[in-house]
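Asker:
Protein chains in written order, with the working numbering: chain V, 2 to 105; chain R, 57 to 623.
1) With 7 Å as the threshold, decide whether the Cβ of residue 93 of chain V is near any Cβ in chain R.
2) Can you pull the chain V neighbours of residue 390 of chain R, defined as C-beta to C-beta under 7 Å?
3) Taking the beta carbon of residue 597 of chain R as the centre, do at least 16 other beta carbons fall within 10 Å, making it buried, or is it exposed?
4) For residue 374 of chain R and residue 139 of chain R, which I take to be in contact (beta-carbon distance under 8 Å), what is that distance rounded to the nearest angstrom?
5) Short of 6 Å in beta carbon distance, which residues of its chain neighbour residue 427 of chain R, apart from the five on each side in sequence? Order them along the chain.
6) Check for me: the alpha helix (DSSP H) holding residue 230 of chain R runs from which residue to which?
7) Can you list, in chain order, the residues of its chain whose CB lies under 8 Å from that of residue 608 of chain R, leaving out five sequence neighbours each side?
8) Using only alpha-carbon positions, find the residue among R:297, R:407, R:371 and R:433 that is nearest to residue 388 of chain R.
9) Measure the C-alpha to C-alpha separation of residue 313 of chain R and residue 92 of chain V and round it to an integer number of angstroms.
10) Which class does residue 7 of chain V belong to by DSSP, given the choice of helix, strand or coil?
11) Let me confirm a value: residue 101 of chain V is counted as buried when at least 16 other C-beta atoms fall within 10 Å, else exposed. Which label applies?
12) Starting from the C-beta of residue 256 of chain R, find all residues in its chain whose C-beta is less than 6 Å away, skip the five residues before and the five after it, and write them out in chain order.
13) Flag residue 42 of chain V as yes if its beta-carbon sits less than 7 Å from any beta-carbon of chain A, otherwise no.
14) Identify, in the order they occur along the chain, each residue of the same chain with its Cβ nearer than 6 Å to the Cβ of residue 93 of chain R, setting aside the five sequence neighbours on each side.
15) Comparing C-alpha positions only, which one of R:172, R:508 and R:226 sits nearest to residue 436 of chain R?
16) Check whether chain R comes within 7 Å of residue 22 of chain V, counting only Cβ atoms and requiring the distance to be less than that.
17) Using a beta-carbon distance below 7 Å, is residue 29 of chain V in contact with chain R?
18) In whole angstroms, give me the CA-to-CA distance for residue 485 of chain R and residue 451 of chain R.
19) Within this structure, are the beta carbons of residue 470 of chain R and residue 494 of chain R separated by less than 7 Å?
20) In whole angstroms, what separates the C-alpha of residue 137 of chain R from that of residue 54 of chain V?
21) Taking the alpha carbon of residue 91 of chain R as the reference point, which residue from R:315, R:459 and R:423 has its own alpha carbon closest?
22) Check the Cβ of residue 309 of chain R against every Cβ in chain V and list those closer than 8 Å, keeping chain order.
23) What distance in whole Å lies between the Cβ atoms of residue 356 of chain R and residue 447 of chain R, which are believed to be in contact at a cut-off of 8 Å?
24) Taking Cβ positions, are residue 41 of chain V and residue 179 of chain R nearer each other than 7 Å?
25) Rounded to whole angstroms, what's the CA-CA distance from residue 295 of chain R to residue 143 of chain R? Just pull it up for me.
26) Relative to chain V, which residues along the region 443–460 of chain R have a C-beta separation below 9 Å, given in chain order?
27) Report buried or exposed for residue 158 of chain R, applying the criterion of at least 16 other Cβ atoms within 10 angstroms of its Cβ.
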């Protein structure tokens, strides 16, 4: 029996249409996930660089949203709600891009 | 009968052993809450446990062929509740509120780490692992890489995670039992061990299936109901506590608490806690968040949830619902922490892990409500411990004993090995729990570091990189495991580099170690590509075909697999 050719799977170089669709959805969501998870803390960090005490005090810690200090709300509720939206978005995008390819 | 005897005897021997070895008086938290036996909470606890086990019996009657197998009607919401119920442990219940109480804003890293990890899991792992189907994580890795070495490391990691994670749960269960029955910490850890063993005996003996949806409702209601009353007592309207505590936090930053305006020194300290870098710097925050995220996506007992759902669609949608149900808990933990600060701003570390009991107690909430809350935490800890100990023991019995050490041994023998190891693991956990090295949520974070540094890279590359092979996986996993254990050991003996402020903290080692483990896996795989035997290449490819719906996939049955390994 002839040897089968090796399978090629690479997240950054998908070899089939199905894989392409799946990774493109995953990549889009991961970029947003990264911005949310690390962008917001980085933003709070940069905004607070001018605080001479090094505690990160800035307009973000002075501002209030729903009664919360904004920097607190952004992480305690903003990020978690954001993750929920991302999960929903993933399912929706999958429905648009991947599911049609599976139909016979 | 035999099984009861083995578990009970091993437990007793190990308990006695660990009792003589217990050195320190951990659990100082217990002295921070009201002492003495409390009748109402005790009744609630027993009643709740009865409901908990009773639900299992009822589920068994109505659904004999097994919850998941027969669960054709279980949709995305039901499975989401099941994911959340599995996730909710004493760490989520007590530990997160404790860390937020102690660390203020910095503690929010635990919340985004433990929720954001699900996005990672969804994007990289959930759908593919569902296609793989029916095995455990050590089995997935062992098959994909066609290597007993990889399988054994994965099984060992599962065991280490089970021990670390259970230690944190035991600390929580011990503190709760101490509060309800008025025992000191050491006695309550032994008591907790007794409760855990009897819980496993009762639930295991009758073969009951856990009805996670109902359990989720019990747990989340125990956590949420006291909040409404608590917030009303603190001056809020008590309509939606999760949105109302903002003002309390803003006031805390100005030093306003239930006891009046704090002195300038205390105000400054409280304000620092709620400012971004008052309790930790930017690097440590990012490192913590990253570690918890890759850990969440790499925890074997969470990944396993996706094997068991009806289809890929449900797998994806149930992550969304699971995250929502987990979100309910994590939107509420900071409320407890803020309430703790409001009623008891100077409690410090000694009160942190019992803050969900202490805050309502200070607010005069009444024993019935606190009892319900405590029982919820206890139930959460118990089911998590039972699940973890069984997962750890089955990793030994199934993935090591029955697959590697004695392939083809009778099922009864493997089952017995599993039971003996359940008891042994329980004893080891008690030993650690008597002298816990850190706060509940910190101990759990170390378990996440192990998962994120070893399992996560191997699984992601196993799914998404066809050139990754057994040599790369072995090198990467050994590096990840070694570095994590080194950091944990360094933390325990207080080497500054691995401490809270060090460059490689035991709770947050993945920011450095995980990317390196990826890199090592890729480099070694490529370097050894030419030496990979045809069989390993073909078996790995065959699994990849299944994971990515590629043509020419050949179904393997278990006998073929065993033969392949014995050749």
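C-beta: ideal position from N, C-alpha, C; glycine also.
Answerer: From the atom records:
1) no
2) 77
3) buried
4) 6 Å
5) 96, 97 and 100
6) 204–237
7) 601
8) R:297
9) 44 Å
10) coil
11) exposed
12) 442
13) Here the protein chains are V and R, and chain A is not one of them.
14) 237 and 238
15) R:226
16) no
17) no
18) 16 Å
19) no
20) 44 Å
21) R:423
22) 70
23) 7 Å
24) no
25) 27 Å
26) none
27) buried
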